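A.B. asks: My questions all concern the structure below.
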Amino acid sequence: MSSNPTKRIEEIDRRLEELPKGTLTYKKINGKEQPYIQRTIDGKSVSYYVKVSEREQVFMEFEERTKLLEEKKHLTAYAEGLKDILKHNPYLSAKVVIGYQNFEDFTCGQQFYVDKTHFISEWIREGTKITLITRPRRFGKTTLLSTIRMFFDPRYADHPEYFDKLRVWQDERSRSMFGSIPVISTSFGGCKGIDYKQSIRGMMGQLGTMYGHHEYLLDSPKLTDKDKELFEKTRWGLVYHETCYIEDAIRNLCKLLYKHFGVNPIVLIDEYDTPLIEAYTDGYWDEMITTCRQLFHNTLKENDYLGRAIITGVTKVSKNSLFSDLNNLLVATVTDDIYTDCCGFTEQEVMDALKCQNIDDMKKVKEMYDGFIIGHQKDIYNPWSIVNYMHDRQLRSYWILTSSNKLIGDIICRHPYDKKYEIEQLMTGKPIHKMINENITFQYLDGDENSLWSLLLAVGYIKAENVVKDNEWTECDVSVTNKEVMSMFRTQIIAMFSNGNIAYENFTRALIRHRTWDMIGVMEDIAEYSMSYFDTAKNKGKHAPENFYHGLVLGLIVSMRKEYRIVSNRESGEGRYDIAIYPFDKTKDAYILEFKVLNEHREKTVQETAQNALKQIQTRNYESDLLAYGIPADHIYKLGFGFLGKKVWVVSDPPEKDEKDQVRSEWDNLRFR
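Add 52 to the 1-based position in the sequence shown for the numbering used here, that's all there is to it.
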């Protein structure tokens, strides 16, 4: 059954066609009321007697018909009220689907889409050659760049229907530029790896794919044989991982596109900072910054064929690190008053979306997900949480488990005590006053007191109010962004700090030694401390305990990153595991962790819940990625975690030795005070 009013009306109409037509009436025959169906055929009223054998079925069908007609009446009135909303944002009532980022998947109302095309008009009017936009992850940056690409790319010039109902089409200047400028688009989101070689192969793969999107140039009569040879040489050089082709890859493609179209192209680069963050946390910064600096220099500075460029990411990498010689760069961070609503949903957009999806829960949604601030624009919502909520119809934490927070964890591990008091103050709901430099200077993070606050602000975990800017510094009052983020602070962040110092050591030691009893002890003690202190029992959402422990374990194992790669919520086998831990040394054990809260309809004890979590790892073949990575099957340690409030149980495959006879270890004497 569809929750979309328009779709539901269509479903009702189809069902009404299947049900018997007419009116159910009664006539008195021999002193008894007898049922008849009265219909109008060819202008004449005709009655049909309902036989005794048919009556039960007929009565049920007419009762259903009456209810459907009443529902249709209410929905029709409701849909009439949506017309004004849909006039300005036409695809809010479309089906909500998870996991799509390409604008082509949203065109013409294929699925739910919030119109952000006004950004194109604003960007055209603003005019700066190079724009850097930083926003938290899952904030709509990738979809925005995809929208820009399809609007300007001449290959979509024959499809004005993709945009003619959207806001950008109302602007005459923007409309005149539709389909008139070639676009180069790439993303560095896949540039991840445990070392420079693996990460740079990801970058070359993305650049090679970028060339593949412009393969039509090989048939261009405006390109010389030498031009086409350059295209092929660069493309296949990238495919075969020859690093010498990276630094000129985008600049060369700009030149070839100019020759073909006669117009300097727009360059779009998504997740520009991912390779740098990965390089810093995994220890190959010097190699990666050298490559990126040269690529950006050649693309954005020494490039006569560049029209304009938009770069997006989460952090603002220090200009001295990456953009030292760019004078034509406009930066729009979360504290700047430009493009404030280009990413993220405004409160009005959320209200309209819920109404169009027939969801009457705005008060609860606001309480859970509201709180982001961009510039002076308050009440911004994270799109990932809102779309997932509309899809699942459950108020739970969606956004906070989409990242491992390894960079933040790295800083906290180096300075576990100095910032703990202020973090605890934030967790009580109180703001603190800070001077923050939003530039991230990775090579100085180790001794930089500012770095943690700058990162927390950039990733969206804290929000800035009462902002006063003084050159590179931002004076502001910061507080935890919203209720969803607060739950992450109470798990991952607290586990990274001092009480977590003993905890990570004990938990990781227990994990590596395969001691499930010790893991249970650590987690129950932290749950007792954290959940009592923050009174999370008041928030008994269906997934609250599961999210609490998932986040808690991510915080507890952050210290393992020097020897392991930690991955959260990744597809493998026939599903998506909660946490996988890959050893850099493939002779060591790998780990797969799955978390489940007790389901009283299926399980009677938390022990059964843990067994079901373990069974899910086994039956859904979650170990397939670890096997492909080169870990032998007998070195893959699977753990199922079961929860009921503050109670925890852990089971493993292979099972712990003498598990039944084991008693609690010395951890019971190390309770949190």
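All C-beta atoms, glycine included, are put in the ideal place defined by N, C-alpha and C. Because the structure is a prediction, the values reported are computed rather than measured.
Between which two residues does the alpha helix (DSSP H) carrying I669 extend?
C.D. replies: That run of the alpha helix (DSSP H) goes V658 to T671.
A.B. asks: Could you tell me which residues DSSP pairs with S611 in its beta bridges?
C.D. replies: Per DSSP, none; premise fails for S611.
A.B. asks: With burial defined as no fewer than 16 other Cβ atoms inside 10 Å of the residue's Cβ, what is the status of D266: buried or exposed?
C.D. replies: Per the sequence presented here, residue 266 reads as His, with Asp not at that position. By the 10 Å Cβ count, H266 comes out buried.
A.B. asks: Under the rule that 16 or more other beta-carbon atoms within 10 Å means buried, what is I81, buried or exposed?
C.D. replies: Exposed.
A.B. asks: I683 lies in the alpha helix (DSSP H); which residues open and close that run?
C.D. replies: Note, I683: premise wrong, no alpha helix (DSSP H); not H, not E.
A.B. asks: Does the distance from the CB of F695 to the CB of K648 come in under 9 Å?
C.D. replies: Cβ atoms of F695 and K648: closer than 9 Å.
A.B. asks: Excluding sequence positions up to five away, which residues of its chain have a Cβ less than 6 Å from the Cβ of E399?
C.D. replies: Excluding positions up to five away in sequence, the list reads D431.
A.B. asks: When the Cα atoms are used, what is the spatial distance from R227 to T342?
C.D. replies: If you take the alpha carbons of R227 and T342, they lie about 40 Å apart.
A.B. asks: Would you mind reading off the limits of the alpha helix (DSSP H) that contains D338?
C.D. replies: Its alpha helix (DSSP H) spans residues W337 to F348.
A.B. asks: Going by Cα to Cα distance, which pick from F559, V383 and G231 is closest to N491?
C.D. replies: Nearest C-alpha to N491: V383.
A.B. asks: Cα separation between L722 and L608?
C.D. replies: Legend: pLDDT at L722 = 36, less than 50; position of this residue unreliable, value from coordinates given subsequently. The straight-line gap from Cα to Cα measures roughly 16 Å.
A.B. asks: Kindly indicate which three-state DSSP category Q222 falls into: helix, strand or coil?
C.D. replies: Helix.
A.B. asks: What does a CB cutoff of less than 6 Å around G192 pick up in its chain, not counting 5 residues either side in sequence?
C.D. replies: C395 and P435, listed in sequence order.
A.B. asks: Would you mind reading off the limits of the alpha helix (DSSP H) that contains Y634?
C.D. replies: Unbroken run through Y634 is the beta strand (DSSP E), G627 to P635; no alpha helix (DSSP H).
A.B. asks: How many whole angstroms separate the CB atoms of L679 and C408, which I take to be in contact at a CB cut-off of 8 Å?
C.D. replies: About 45 Å separates the two Cβ atoms, so there is no contact after all.
A.B. asks: Where does E524 fall in DSSP's three states?
C.D. replies: Coil, per DSSP.
A.B. asks: According to the neighbour-count rule (16 or more other Cβ atoms, all chains shown, within 10 Å of its Cβ), is M487 buried or exposed?
C.D. replies: It is exposed - the Cβ of M487 has fewer than 16 other Cβ atoms within 10 Å.
A.B. asks: So, for S584: in the same chain, excluding its five sequence neighbours on each side, which residues have a beta-carbon less than 7 Å away from its beta-carbon?
C.D. replies: Legend: pLDDT at S584 = 41, less than 50; position of this residue unreliable, value from coordinates given subsequently. If we look at S584 and ignore the five residues flanking it on each side, it has no Cβ neighbours.
A.B. asks: Quick check on the burial criterion: 16 or more other C-beta atoms within 10 angstroms. Buried or exposed for T159?
C.D. replies: Under this definition T159 is a buried residue.
A.B. asks: Where does Q86 sit, in a helix, a strand or coil, going by DSSP?
C.D. replies: Q86 falls in the strand class under three-state DSSP.
A.B. asks: Taking the beta carbon of Q258 as the centre, do at least 16 other beta carbons fall within 10 Å, making it buried, or is it exposed?
C.D. replies: Classification for Q258: buried.
A.B. asks: Give the range of the alpha helix (DSSP H) segment to which F203 is assigned.
C.D. replies: It spans K193 to F204 - the alpha helix (DSSP H) in which F203 sits, taken as one unbroken run.
A.B. asks: State yes or no: is the C-beta of A331 within less than 9 Å of the C-beta of I425?
C.D. replies: Not closer than 9 Å, so no.
A.B. asks: Taking three-plus beta-carbon pairs below 8 Å as touching, is the region 650-657 in contact with the region 519-535?
C.D. replies: Contact between the region 650-657 and the region 519-535 is absent, because fewer than three Cβ pairs lie under 8 Å.
A.B. asks: Quick check: the Cα distance between Q665 and I438, rounded to an integer number of angstroms?
C.D. replies: The sequence given here places Ala at residue 665; Gln does not occur at that position. A665 and I438: Cα-Cα distance of roughly 27 Å.
A.B. asks: Which residue or residues does DSSP assign as beta-bridge partners of S237?
C.D. replies: DSSP output for S237 lists L320 as bridge partner(s).
A.B. asks: Please check the pair N534 and Y421, which I expect to be a contact at CB under 8 Å, by giving their CB distance rounded to whole angstroms.
C.D. replies: So it is a contact: roughly 6 Å between Cβ atoms.
A.B. asks: Would you mind working out which of D210, E646, V291 and N316 sits nearest L606, comparing C-alpha positions?
C.D. replies: When only C-alpha atoms are compared, the closest one is E646.
A.B. asks: Provide the residue(s) that pair with V703 in DSSP beta bridges, ordered along the chain.
C.D. replies: DSSP lists G692 as partners of V703.
A.B. asks: I want to know whether the region 353-369 touches the region 267-283 - three or more CB-CB distances under 8 Å.
C.D. replies: Taking 8 Å as the limit for Cβ pairs, the verdict is that the region 267-283 does not touch the region 353-369.
A.B. asks: What is the C-beta distance between M340 and S239, in whole angstroms, given that I count them as a contact (C-beta under 8 Å)?
C.D. replies: With a Cβ gap of about 16 Å, M340 and S239 do not count as contacting.
A.B. asks: On the criterion of 16 or more Cβ atoms from any shown chain inside 10 Å, does E623 qualify as buried, or is it exposed?
C.D. replies: Burial call: exposed.
A.B. asks: Taking only three categories from DSSP, how would you classify S99?
C.D. replies: S99: strand per DSSP, three-state reduction.
A.B. asks: Do the region 145-158 and the region 197-204 make contact, defined as three or more Cβ pairs closer than 8 Å?
C.D. replies: Touching, per the Cβ criterion.
A.B. asks: DSSP state of V369, grouped into three classes?
C.D. replies: Three-state result, V369: strand.
A.B. asks: Pick from K640, I452 and P327: whose alpha carbon is nearest that of S620?
C.D. replies: The shortest C-alpha separation from S620 is found at I452.
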